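A.B. asks: Right, I'll just put the structure down here and ask away after.
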Amino acid sequence: MMKRSVVALLMLLAISATGTAFAAEIIDATKPEQILAIARGFGSATLEKDKSGDPKIVCKIEDIKFGIYFYGCSGGKNCNAIQFAAGWSGQEITLAAINKWNTEKRLSRAFLDSDNDPILKMDINLDYGVTRQNLEDSFEIWEKTLGAFEEALSE
């Protein structure tokens, strides 16, 4: 009888542990306010709309301005991806340095725009959602990436 009670208790604990995993908050790009709240945990952030009427979050981390753009939207809603993007006007950087960045860095990409200003971007697929912790981790990666790119610009 004791053995059955122990087995039943273990099964109950396993089921409740599984339930906890399913209870994690899932965030996708259909609710920009959730992403805005996370962005505000890293610096200043305001929710706006881009030229197409899609959501856009204007942010600042450590005095670096950037935008969070929403993609795959239908009529400004039901978006499925976001993109972090930052640009630097009047900063000199060579194409060789940009290529070196892109060769060595996995999650972001850099390029020179039509005015030869450096642009840095990082895409996040949110089609089926991610946990809040996962998206916060993406913000931390972006924050570190911004700092590293600023250093690359000063070399």
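All the letters of the sequence shown, read from the start, carry residue numbers 1064 to 1218 under the numbering used here. Backbone N, C-alpha and C fix where the C-beta goes; we use that ideal spot for every residue, glycine too. Just so we're clear, the structure is a prediction, and the values are computed from it rather than from any experiment.
#1: Would you mind sorting A1086 into buried or exposed? The rule is 16 or more other CB atoms within 10 Å of its CB.
#2: The beta strand (DSSP E) with Q1146 in it runs from where to where?
#3: Output needed for A1102: all residues of its chain with C-beta closer than 8 Å, excluding positions within five of it in sequence on either side, in chain order.
#4: For I1145, which residues of its own chain have a beta-carbon under 8 Å away from its beta-carbon, when the five flanking residues on both sides are left out?
#5: If you run the structure through DSSP and keep just helix, strand and coil, what is A1215?
#6: Starting from R1169 and walking both ways along the beta strand (DSSP E), at which residues does that stretch end?
#7: What did DSSP end up calling E1111 once you bin it into helix, strand or coil?
C.D. replies: With the given structure in hand:
#1: exposed
#2: 1144-1150
#3: A1108, I1120, C1122, I1131, F1202
#4: A1092, I1098, I1131, Y1132, F1133, Y1134, D1186, I1187, L1189
#5: helix
#6: No beta strand (DSSP E) contains R1169, which DSSP labels as neither H nor E.
#7: strand
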